[in-house]
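Take the sequence shown: its position 87, counted from the start at 1, is 86 in numbering that gives the first Met the number 0, and no numbers get skipped.
Each remark here refers to the structure printed beneath this line.
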Amino acid sequence: MEMKKIYGVAILALLVTAAGYLWFSKSSAKSQVQYLTAVAEKGTLISSVSGSGNVIVDQSATVDPTISGTVTGLKVKAGDSVKEGQLLFRIENDQLEVSVSKSLSTYQQAKNSLASAKVQKKQAKADLKDAKNGTTSKAQTPTANQPSNMSGSSNQNTDTSQNETTEKPSAEQIEVLEDKVSVADSAIKVAEQNLDAALADYRYQRSITGKKEVSAPIGGIVNEVNIKNGDDLGKGATSSSSASMSASQTQATTSSSQSPIIIGDLNTLKAQVQVNEVDIPKVKVGQKATLKFDAFENLGATGKVEKISSLGTVSQGVVTYDVTIELNELDSRIKPQMSVTASIITKVNQDTIIVPNSALKSNGSDGYYVEVLSKQIPQAVNVEIGAANNKETEVLSGIDEGAKVVTQTIDPNATTTNTSSGFRMPGAGMGGGGGASRGSGSVMVH
């Protein structure tokens with residue numbers, strides 16, 4: 000019985016001793032501060048800004064006829080591929096042919112009027128010439144109050160006609176004949192103007208009739224079809240027409256505000272993304288960009304900046320600018336209006352010392368510093384920094400290649416957790432790629 004008590008006490012003592020040892024070992028380990036480090040290396044730093052937007056069709060055309068009538072022969076639908084000049088539909092309007100016939104008749108009348116005016120001028124000039132030569136008969140020579148009789152009297156005998164032709168016309172009669180020539184000249188000019196106007200109207204009416212067949216202005220894909228066979232184009236239109244035009248020839252509009260057909264050239268697909276006002280000064284035409292599409296996890300594309308909008312858009316207090324990116328290659332899976340994210344490369348620094356962003360700490364107004372680990376003891380070293388992206392920063396001076404910089408400090412004895420200081424690196428824009436907020440790099444855990 001006594002022996003059992005002795006064994007029990009011994010075992011209890013061993014357990015207490017073991018527990019004490021474990022507690023002591025753990026306490027000793029807990030007091031050690033750990034440092035996570037990275038090596039400052041020479042490499043290439045790529046700075047970029049990002050933006051999100053959609054795929055757009057850069058070249059599209061609206062098919063909107065300028066005549067009214069009833070839609071017939073419509074066979075295309077949204078999604079169809081069409082060629083330039085391909086017939087899309089026809090417009091029925093019998094009034095157009097009537098207008099062509101009327102304009103042709105007016106043109107023929109104008110031609111006849113011009114020919115008549117020329118004959119009258121020729122006769123007037125002949126009468127004036129005869130009068131000046133003194134060969135005009137008395138009956139043929141008009142006075143100021145008597146019109147000329149160009150044919151004379153048919154029942155006069157030859158002797159009487161000969162006597163009358165020897166009579167010299169007066170100055171007043173000559174003046175009347177000269178006025179007749181001037182009037183004939185004016186009549187010809189008016190007739191020529193009328194003829195030109197009639198011909199122009201006739202050609203216009205013919206061209207309007209030719210628009211009854213509506214063709215594709217460009218080749219591409221039919222994006223929208225907002226009409227159907229039997230629809231009346233131009234119904235309710237309020238535009239006026241000239242005297243020689245019927246109401247059916249006025250400019251037509253559909254019953255809705257939509258264009259009848261919209262065609263897009265899918266060979267001109269481009270990305271249009273919105274870039275924050277902080278980052279837009281860094282974006283230049285010709286810069287390279289990489290693209291990712293929300294619809295496809297593994298689909299990527301490359302391109303270059305084609306144009307930058309000069310007008311910003313304000314949304315919830317944030318100003319953005321449209322940037323259009325031309326794709327280097329088109330993938331058949333890319334469709335209009337797909338969501339896209341672009342990373343635009345704004346600067347490339349080669350053969351430069353690079354450290355992780357987490358290694359940088361702020362001196363406030365004095366600049367930045369890193370902690371270099373020497374014999375397990377961190378030493379603060381002031382550095383001059385250059386370009387930065389959302390992962391790394393260029394170090395221009397202060398440390399050499401190969402230096403071990405502290406990226407994170409873990410203190411097991413700490414009872415609180417320090418949050419990052421949240422300061423912003425120079426050139427680190429809000430566009431998600433130009434840079435990121437840098438903290439102290441230390442994390443306290445307990």
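Even for Gly, the Cβ is constructed at its ideal location relative to N, Cα and C.
Computed from a prediction, not measured in an experiment: that's the story for all the values here.
Three-state secondary structure assigned by DSSP to Ser373: strand
Check whether Leu395 and Ile333 have beta carbons under 8 Å apart: no
Length of the line joining the Cα atoms of Val339 and Val81: 27 Å
Contacting residues, own chain, Cβ-Cβ under 7 Å from Lys374 (five flanking each side not counted): none
C-alpha gap between Lys303 and Asn388, whole angstroms: 19 Å
Ala183: first and last residue of the uninterrupted alpha helix (DSSP H) it sits in: 170-209
Contact set for Ser314: own chain, Cβ-Cβ below 7 Å, skip 5 residues either direction: none
Supposed close pair Val99, Arg205 - CB separation, criterion 8 Å: 6 Å
Short Cβ contact (8 Å threshold) for Leu44 with Glu305: no
Coil, strand or helix - Val97 by DSSP: helix
Own chain residues within Cβ distance below 6 Å of Val284, not counting five before or after: Val304
Residue burial classification, Asp195 (beta-carbon count within 10 angstroms, cutoff 16): exposed
Strand pairing of Leu359, partner residues [DSSP]: DSSP, once it has assigned bridges, lists no residue as partnering Leu359.
Supposed contact pair Ile220 and Ile279 - C-beta distance, whole angstroms, cut 8 Å: At roughly 32 Å, the Cβ-Cβ gap does not stay under 8 Å, so Ile279 and Ile220 are not in contact.
Buried/exposed call for Thr406, threshold 16 Cβ in 10 Å: buried
The stretch 361-379 / the stretch 77-94 touching (three or more Cβ pairs under 8 Å): no
Cβ-based neighbour list, Leu176, same chain, cut-off 6 Å, excluding 5 preceding and 5 following: Asp126, Leu127, Ala130
Enclosing beta strand (DSSP E) for Asn297 [first to last residue]: 295-314
Extent of the continuous beta strand (DSSP E) run through Lys41: 40-56
Burial state of Pro64, where buried means 16 or more other Cβ atoms lie within 10 Å: buried
Meets three-Cβ-pair contact criterion under 8 Å: the stretch 287-295 and the stretch 335-351: yes
Cβ-Cβ distance between Ser47 and Thr345 below 8 Å: yes
Where Ala358 falls, given that 16 or more other Cβ within 10 Å makes a residue buried: buried
Same chain, Cβ closer than 7 Å to Ser243, neighbours up to 5 away in sequence not counted: Here the model assigns Ser243 a pLDDT of 33, short of 50, so the residue's position is not dependable, and the following value carries that caveat. Closer than 7 Å at Cβ, skipping near neighbours: Ser102, Asp200.
Integer-rounded CB distance, given that Ile187 should sit under 8 Å from Lys120: 6 Å
Residue from Gln271, Ile66, Gln33 with nearest C-alpha to Gly209: Ile66
Proximal residues to Pro362 (C-beta, below 8 Å), its chain only, five neighbours per side dropped: Reading the sequence as shown, one finds Asn at residue 362 and not Pro. Excluding sequence neighbours, Asn362 sits near Tyr368, Asn381.
Endpoints, beta strand (DSSP E) assigned at Asp321: 317-326
Cβ pair Glu40, Ile398 closer than 8 Å: no
Close-in-space but distant-in-sequence residues of the same chain around Thr418 (CB under 6 Å, 5 per side omitted): At Thr418 the pLDDT is 40, less than 50, meaning the model places this residue with poor confidence and gives no usable figure here.
Sequence-distant residues of its chain with Cβ nearer than 7 Å to Ala379 (five each side left out): Tyr368, Glu370
Limits of the beta strand (DSSP E) - the one that Arg89 falls within: 86-91
Helix, strand or coil at Ile353 according to DSSP, with G and I counted as helix: strand
Short Cβ contact (8 Å threshold) for Val38 with Thr408: no
Simplified DSSP assignment, three categories, for Ala37: strand
Member of Gly50, Ala197, Asn111, Pro355 whose CA lies at the smallest distance from the CA of Val404: Pro355
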